[in-house]
Amino acid sequence: MGHFATFADFLQMGKHGLYVWLSYGIAFGIFAYNIVSVALAKRQFFNKAKRQARREEIKS
Amino acid sequence: MKIKLPQWFYQLASPRWFYEFSGKLLPWFSIAAFILLMTGSVWGLAFAPEDYQQGNSFRIIYVHVPASILAQSCYMLMAIAGAIGLIWKIKMAHVVAKSCASFGASIAIMSLATGAIWGKPTWGAWWVWDARLTAMLVLFFLYVGVIALHSAFENTQSADKASAILSLVGLVNIPIIKYSVEWWNTLHQGATFKVTEKPAMPPEMWIPLLIMVLGFYCFFAVILMQRARIEVLQREKKAGWVQEIIKQN
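Heads up: the sequence lines are chains A and B, in that order. The numbering used here applies: residue 1 is where the first sequence begins, and numbers increase by one. The numbering used here applies: residue 1001 is where the second sequence begins, and numbers increase by one.
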C-alpha cells in the first residue's frame, strides 16, 4: 500500500510512529471539538428560546 | 471621506440574508472539507514519500502547516471584520469577528502542539524559545485575550468594540510570525509555500499539502458560518424571522 510495504510499517512510521499519530490524533480531536461544540451551542440556543417562548405563552 | 461599498456587501451585512445564504452554502463546504481532508490525510500519511533527512516525522507537515496558516488567516479575518464593524458600524462584521475567536484559538493550539511534537524528533526538544514559536504563542494568547475581553462586557456593543480594537492592535504580530524565520536566526525551517517561487519539495509531497490547506479552509468556513448563524439568531432573537425559525425547530 503506497509508500509502506505492510500495514505494520504504516503504523510504525519508521521510528516516528508515536509522533506522527499523536499529531494526527490532536488534529482530529480539535476538529471534533469544533464540530461538537457548534452542535451543542445550536441545541442550547433552541432549547432556551423554546423554553422562553413557552413561558411567554403561559403569561399571556 | 465616504467609501461606497458594493451592493453584495450590504446584502451580506443583513443578518437575515446572511442566515439564509450561509444555510445554502453550508452543505457544499462540508462535503468539500470532508473530501479534501480525507484525500489529503491518506495521501500525506500513506502515499507521500518520506523525507530523506527527517524520515516519516515529516508527515506531521500535513497538519502542522495548514493549522499554522489558518491560525494566521483566521486572525486577520477577525481583525479586518472588527475594523469593518468599527468603521461602517456593520453588525454582521462583529458577528463574524466574534465567531473567529474560538476557532482561531483552537487552531493555534493545533499548530503549537503539532509543532512541539514535530520538534522532539527533529530538534531534540519539545519547545525552544525561538522567534517563530514565541510569536505563535503570542497569537494564541491574543485569541484568548479577545475571547476573555468579549465575555467581560455585559453590553454586546461595548464588547464588540473593545475586542475589535484589541484584535487590531494584535495584528502587528502577523508580519512578525511571517518574517520571524528571516529576521532572526532560528531553528524553524523557512516557509513551505511561497507565492513567488516553486516549492522546494517534489509534487508528490506538496500536492497533498495543498489539498490539506484547502480542506482546512473549507472546514474553517463551515465552523465560522455555523458559529455566526447561532450568533445571529442570538442577537436577533426578537426579530420576527428568528421567532419563525425557533418555532420550526
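Cβ coordinates follow ideal geometry from the N, Cα and C atoms, glycine included.
Bridge partner(s) assigned by DSSP for residue i
| i | result |
| --- | --- |
| residue 1055 of chain B | B/1051 |
Through-space distance from residue j to residue i, alpha-carbon basis
| i | j | result |
| --- | --- | --- |
| residue 1059 of chain B | residue 1113 of chain B | 15 Å |
| residue 1240 of chain B | residue 1107 of chain B | 36 Å |
| residue 55 of chain A | residue 48 of chain A | 11 Å |
| residue 1194 of chain B | residue 1100 of chain B | 25 Å |
| residue 1248 of chain B | residue 43 of chain A | 13 Å |
| residue 1131 of chain B | residue 1246 of chain B | 49 Å |
| residue 23 of chain A | residue 5 of chain A | 22 Å |
| residue 7 of chain A | residue 1046 of chain B | 10 Å |
| residue 1042 of chain B | residue 1209 of chain B | 11 Å |
| residue 1021 of chain B | residue 40 of chain A | 22 Å |
| residue 37 of chain A | residue 1226 of chain B | 11 Å |
| residue 28 of chain A | residue 59 of chain A | 47 Å |
CB contact flag (residue i, residue j, <9 Å)
| i | j | result |
| --- | --- | --- |
| residue 1235 of chain B | residue 1156 of chain B | yes |
| residue 1188 of chain B | residue 1133 of chain B | yes |
| residue 1244 of chain B | residue 14 of chain A | no |
| residue 1057 of chain B | residue 19 of chain A | yes |
| residue 1062 of chain B | residue 1083 of chain B | no |
| residue 1163 of chain B | residue 1098 of chain B | yes |
| residue 1080 of chain B | residue 1013 of chain B | no |
| residue 1033 of chain B | residue 1222 of chain B | yes |
| residue 35 of chain A | residue 1110 of chain B | no |
| residue 1036 of chain B | residue 1211 of chain B | yes |
| residue 1104 of chain B | residue 1143 of chain B | yes |
| residue 1167 of chain B | residue 1075 of chain B | yes |
| residue 1129 of chain B | residue 1119 of chain B | no |
Per-residue contacts from residue i into chain A (C-beta, under 7 Å)
| i | result |
| --- | --- |
| residue 1047 of chain B | 2 and 3 |
| residue 1021 of chain B | Correct list: empty, because the minimum Cβ distance to chain A is about 18 Å. |
| residue 1106 of chain B | 30, 33 and 34 |
Residues that residue i contacts on chain A, provided the C-beta gap is smaller than 8 Å
| i | result |
| --- | --- |
| residue 1120 of chain B | 19 |
| residue 1234 of chain B | 45 |
The ligand FMN heavy atom lying under 8 Å from the CB of residue i
| i | result |
| --- | --- |
| residue 1044 of chain B | Although the ligand FMN was asked about, the structure shown includes no ligands whatsoever. |
Within chain B, the residues that residue i reaches when beta carbons sit closer than 8 Å
| i | result |
| --- | --- |
| residue 41 of chain A | 1227 and 1230 |
Partner residues on chain B for residue i, Cβ-Cβ distance less than 7 Å
| i | result |
| --- | --- |
| residue 50 of chain A | 1246 |
| residue 22 of chain A | 1117 |
Within chain B, the residues that residue i reaches when beta carbons sit closer than 9 Å
| i | result |
| --- | --- |
| residue 53 of chain A | 1243, 1246 and 1247 |
Interface partners of residue i on chain A, CB under 9 Å
| i | result |
| --- | --- |
| residue 1114 of chain B | 22, 23, 24, 26 and 27 |
For the region 25-36 of chain A, enumerate the residues whose C-beta is nearer than 8 Å to any C-beta of chain B, in chain order. Listed in chain order, the positions of the region 25-36 of chain A with a beta carbon within less than 8 Å of a beta carbon of chain B are 26, 27, 30, 31, 33, 34 and 35.
To be precise: take each residue of the region 1212-1228 of chain B, compare its Cβ to all Cβ atoms of chain A, and keep it if any distance is under 8 Å. Which residues remain? Within the region 1212-1228 of chain B, the qualifying residues are 1219, 1223, 1226 and 1227.
Note down, in chain order, all residues in the region 1051-1063 of chain B with a beta-carbon under 7 Å from any beta-carbon belonging to chain A. Of all residues in the region 1051-1063 of chain B, 1055, 1056, 1057, 1059, 1060 and 1063 have a Cβ within less than 7 Å of some Cβ in chain A.
Closer than 7 Å between beta carbons: that is the criterion. Which residues of the region 1068-1089 of chain B meet it against chain A? The region 1068-1089 of chain B vs chain A, Cβ under 7 Å: nothing.
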